[in-house]
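Written below as C-alpha cells is the structure these notes are about.
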Amino acid sequence: MSWLHWIVKEAGLQIAVVLIGGFFVFSWWVLGHLDHDVAKEFSEDRISVIVKPENEFEFRRFLDSRPEVTRYEFQSGEANKLTLASLYPELSSVLKPLESDYFPISALIQVKDSAGFLGALQSEVQFFQSYLVHTPPKEIQHFVSGSAIVFLILWMLILGLYLFFQVEHLAHRDEREWSLLKMLGSSAQKIFWPACYQQAIRMFVTSVLAVLLAYWGALQFETVFQWGWNPMAVSIWSQFFILSMLLTLALFSSFFLWRYRRVKLG
Amino acid sequence: MLFQFKNVHKSFGAQKIFRSLNFDLERGTFSILTGASGSGKTTLFKMLCAIEAPTSGEVIFLGKRLVQHSPAHLKNIGFVFQNPRGMLDKNVFDNIALPLRIDGCGENLVRTRVFEWLDKLALRHRAQSLYSELSGGEIQKVEFARALIRKPRLILADEPTAHLDPIQSDLLLDILWEHYKDGATVFISTHHAPAFHHPSIIRYHMEDHRLRQLEPEEISMPQFSGSLFKSAMKEKST
Chain W
72 MSWLHWIVKE AGLQIAVVLI GGFFVFSWWV LGHLDHDVAK EFSEDRISVI VKPENEFEFR
132 RFLDSRPEVT RYEFQSGEAN KLTLASLYPE LSSVLKPLES DYFPISALIQ VKDSAGFLGA
192 LQSEVQFFQS YLVHTPPKEI QHFVSGSAIV FLILWMLILG LYLFFQVEHL AHRDEREWSL
252 LKMLGSSAQK IFWPACYQQA IRMFVTSVLA VLLAYWGALQ FETVFQWGWN PMAVSIWSQF
312 FILSMLLTLA LFSSFFLWRY RRVKLG
Chain L
14 MLFQFKNVHK SFGAQKIFRS LNFDLERGTF SILTGASGSG KTTLFKMLCA IEAPTSGEVI
74 FLGKRLVQHS PAHLKNIGFV FQNPRGMLDK NVFDNIALPL RIDGCGENLV RTRVFEWLDK
134 LALRHRAQSL YSELSGGEIQ KVEFARALIR KPRLILADEP TAHLDPIQSD LLLDILWEHY
194 KDGATVFIST HHAPAFHHPS IIRYHMEDHR LRQLEPEEIS MPQFSGSLFK SAMKEKST
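Those protein sequence lines, which keep their order, are chains W and L.
Sequential numbering of the first sequence, starting at 72, is according to our numbering.
Sequential numbering of the second sequence, starting at 14, is according to our numbering.
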C-alpha cells in the first residue's frame with residue numbers, strides 16, 4: 072500500500088490542483104459562453120409582439136420612429152407556422168395543411184430601454200394583440216461568474232499550498248546544501264532557478280491535465296445540454312497556462328526567498 | 014574594527030550564557046580563543062557567524078549585522094566549523110572546488126587551485142572519494158581547504174584541528190599563519206590551548222561565560238611546533 076501512501080502524501084495536493092484547475096477552466100468556458108452568446112443576445116431586452124396583420128406597415132413605421140429600438144425582425148404567418156411545426160414535429164402533419172392566415176404575424180424587437188419602449192407601445196394598442204418581454208438570464212450569469220471566482224480563489228489557494236509544501240520539502244531535503252552555498256556567498260538564484268524549473272514543469276503538466284479535464288467536462292456538458300456551444304477556445308486554455316505559470320513563478324519565488332532567508336549560515 | 018560585540022546578552026531559556034559581553038576584533042590580527050568545554054566558545058563563534066543571534070545587544074561586522082551583508086561580502090570570509098558541512102554526495106575535488114565554481118572560475122584554474130590544496134594537505138589520492146567516505150581528519154582538511162581556497166580576508170575557525178593528530182594540526186595552523194602573514198584576519202576558537210605562542214597572537218580565554226584577553230605574562234608556553242611558528246620565533250629571537 073506504499074503507492075497509496077505516496078499518492079495521498081505527495082500527489083494529493085497536485086491532484087487537487089488539477090481538479091480545481093479543471094473546474095476553474097470549465098466554469099471560465101461556460102462564463103465565456105454566457106458573456107459572448109447568451110448574455111450578448113440578451114444584453115438588450117427583447118420583446119416579442121403579435122402584430123395585427125392589417126397594421127403591419129404602420130407598426131414598422133412606429134418601430135422606425137422609436138430611438139430605443141436597435142433591431143427588429145418580422146416573421147410572417149407562414150414562417151411562424153413552419154417554426155411551430157419544427158418545434159413540435161408530432162403536430163406537423165396537422166399544422167402544415169392549415170392556411171398561413173391562421174397564424175399571427177410576429178415581430179422580435181431588440182430595445183436599449185425596454186421601459187421607455189413599452190410606455191410608447193402601450194399608447195399604440197391598435198397595432199398589436201399582445202407582447203412578451205424576454206429578460207436576460209442574469210441569475211445564471213451571476214451563478215456561473217460566482218462559480219468561476221470561487222474556483223479561481225480555490226485554485227490559487229491550493230496552488231499556493233502545494234508550492235509552500237514543495238518549498239518546505241526542498242528546504243528540509245537540501246538545507247545542508249543551501250546553508251553551505253549561502254555560507255560560501257552564493258547568490259540565492261543559483262539554488263532558486265533549478266528548483267523553480269522543476270516546479271514550472273510540474274505546473275505545466277498539472278495545467279495540461281486541468282485543461283484536459285475541463286475539455287472532457289465541456290464535451291460531456293455539450294451532450295447533456297444541447298445548446299449552441301462553441302468548442303473551448305485557444306484563448307481560454309492559453310490564458311490559463313500563462314496565469315498558471317506566472318502565479319507559480321510569483322508564489323514559488325516568494326516562498327523560496329522567505330524560506331532561504333531562514334537558512335542559517337554553515 | 015572588523016567585529017564589535019556591543020553589550021551582548023545571550024541565554025538559552027533560563028540558562029544565561031553571556032551577560033554584557035563587549036568584545037572587538039581588529040582587522041589584521043591573529044586571535045585564538047581558548048576555554049573549557051561548555052564555557053561558551055562555540056556560542057560566541059556562532060554569534061560571530063550569525064548562526065546564533067544575541068538575546069539582546071548587537072554583533073556588528075563592518076558597520077552592520079553579518080546577515081545584512083550581500084552574498085558577495087561573505088565570499089571574503091572563510092568559515093571552518095567544528096561539524097562537517099560538506100556535500101555528502103559529492104567527491105573531495107568537487108567539495109573543495111565549490112567556492113571557485115560559485116565565483117565562475119574556469120575549469121583549468123579550478124583544477125590547478127584544487128590540486129594545489131590537495132597536495133598541500135596530502136589528499137590528492139582522495140580527490141575522487143566521496144565526502145561521506147572520508148575519515149574525521151580528512152573531512153576536517155577538506156573543510157579547511159574549501160574555506161581557504163579563495164584566500165579570504167577573514168578566517169573564522171571553530172576547533173579547526175579537533176580531529177587531527179599534532180603533525181596535521183601544525184600543518185593547518187601553519188597555513189593559517191601564512192594567511193595571516195598575507196594580511197588576513199584569523200580568529201580561532203579551540204578547546205585545547207595551542208602549544209605555541211607568538212607576540213603577534215592575541216589570546217582570549219573564556220571562563221564561566223566571561224571573556225577576557227590574556228596578558229603576555231599569563232601565557233607560559235614557549236614551545237613552537239609548526240614550521241612557520243618556529244621560523245617566526247627564530248625571527249624574533251634574532
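Glycine residues also receive a C-beta, built at the ideal position from the N, C-alpha and C atoms.
- Pick from W:90, W:152 and W:180 that is closest to residue 134 of chain W, judged by C-alpha positions: W:180
- Item | Nearest to residue 97 of chain L (by Cα), restricted to the options W:250, W:283 and W:140 | W:250
- Would you mind stating whether residue 319 of chain W and residue 271 of chain W have Cβ atoms separated by less than 8 Å? Yes, the pair counts as a contact, with Cβ atoms nearer than the cut-off.
- Query: Near residue 222 of chain L, which residues of its chain fall below 8 Å by C-beta distance, leaving aside the five closest residues on each side in sequence?
  - Reply: 29, 30, 31, 32, 52 and 53
- Message: Tell me the residue span of the alpha helix (DSSP H) that contains residue 294 of chain W.
- Response: Element bounds for residue 294 of chain W: 260-295.
- Please work out which residues of its chain come closer than 7 Å, Cβ to Cβ, to residue 151 of chain L, disregarding the five sequence neighbours upstream and downstream, and give them in chain order. 136 and 139
- Query: Helix, strand or coil: how does DSSP classify residue 57 of chain L here?
  - Reply: Under the three-state reduction of DSSP, residue 57 of chain L is assigned to helix.
- Item | Bridge-paired residues (DSSP) for residue 174 of chain L | According to DSSP, residue 174 of chain L bridges with nothing at all.
- Using a threshold of 8 Å, state whether the C-beta atoms of residue 236 of chain W and residue 278 of chain W are closer than that. no
- Query: residue 204 of chain L to residue 46 of chain L, Cα distance in whole Å?
  - Reply: 8 Å
- Message: For chain L, check one thing: does any of its Cβ atoms lie closer than 8 Å to the Cβ of residue 248 of chain W?
- Response: yes
- If you compare alpha carbons, which of W:331, W:227 and W:182 is closest to residue 33 of chain W? The question about residue 33 of chain W has no answer, for chain W in this structure spans 72 to 337.
- Task: Give the straight-line distance between the Cα atoms of residue 74 of chain L and residue 177 of chain L, rounded to the nearest whole angstrom.
- Result: 31 Å
- Mind checking whether residue 180 of chain L and residue 161 of chain L have CB atoms under 8 Å apart? no
- Message: Quick check on the burial criterion: 16 or more other C-beta atoms within 10 angstroms. Buried or exposed for residue 83 of chain L?
- Response: exposed
- Contacting residues, own chain, Cβ-Cβ under 7 Å from residue 24 of chain L (five flanking each side not counted): 30 and 68
- Query: Is the Cβ-Cβ distance between residue 21 of chain L and residue 70 of chain L less than 8 Å?
  - Reply: yes
- Proximal residues of chain L, C-beta to C-beta of residue 257 of chain W below 8 Å: 84 and 115
- Could you tell me the distance, in whole angstroms, from the CA atom of residue 229 of chain W to the CA atom of residue 103 of chain W? 24 Å
- Message: Along the segment 52-75 of chain L, where does the CB come closer than 7 Å to a CB of chain W? Name the residues.
- Response: 62, 63 and 64
- Would you say residue 128 of chain W and residue 151 of chain W are within 8 Å of each other, going by their C-beta atoms? No; because the gap between Cβ atoms is not below 8 Å, this pair is not in contact.
- Is the Cβ of residue 87 of chain L closer than 8 Å to any Cβ of chain W? yes
- Task: Please list, in chain order, all residues of the same chain as residue 193 of chain L whose beta carbon is under 7 Å from its beta carbon, the five residues on each side excluded.
- Result: 43 and 199
- Query: If you run the structure through DSSP and keep just helix, strand and coil, what is residue 245 of chain W?
  - Reply: Looking at residue 245 of chain W - three-state DSSP - the assignment turns out to be helix.
- Taking C-alpha atoms, which residue in L:81, L:50 and L:49 lies nearest to residue 2 of chain L? Here chain L comprises residues numbered 14 to 251, so residue 2 of chain L is not present and cannot be evaluated.
- Query: Is residue 100 of chain L close to chain W, meaning its C-beta is less than 8 Å from at least one C-beta of that chain?
  - Reply: yes
- Message: Within 8 Å, do at least three Cβ pairs link the segment 117-132 of chain W to the segment 197-215 of chain W?
- Response: yes
- Task: Would you mind working out which of W:327, W:231 and W:139 sits nearest residue 243 of chain W, comparing C-alpha positions?
- Result: W:327
- Going along chain L in order, which residues have a C-beta closer than 8 Å to the C-beta of residue 251 of chain W? 98, 99, 100 and 111
- Name the DSSP bridge partner or partners of residue 92 of chain L? L:169
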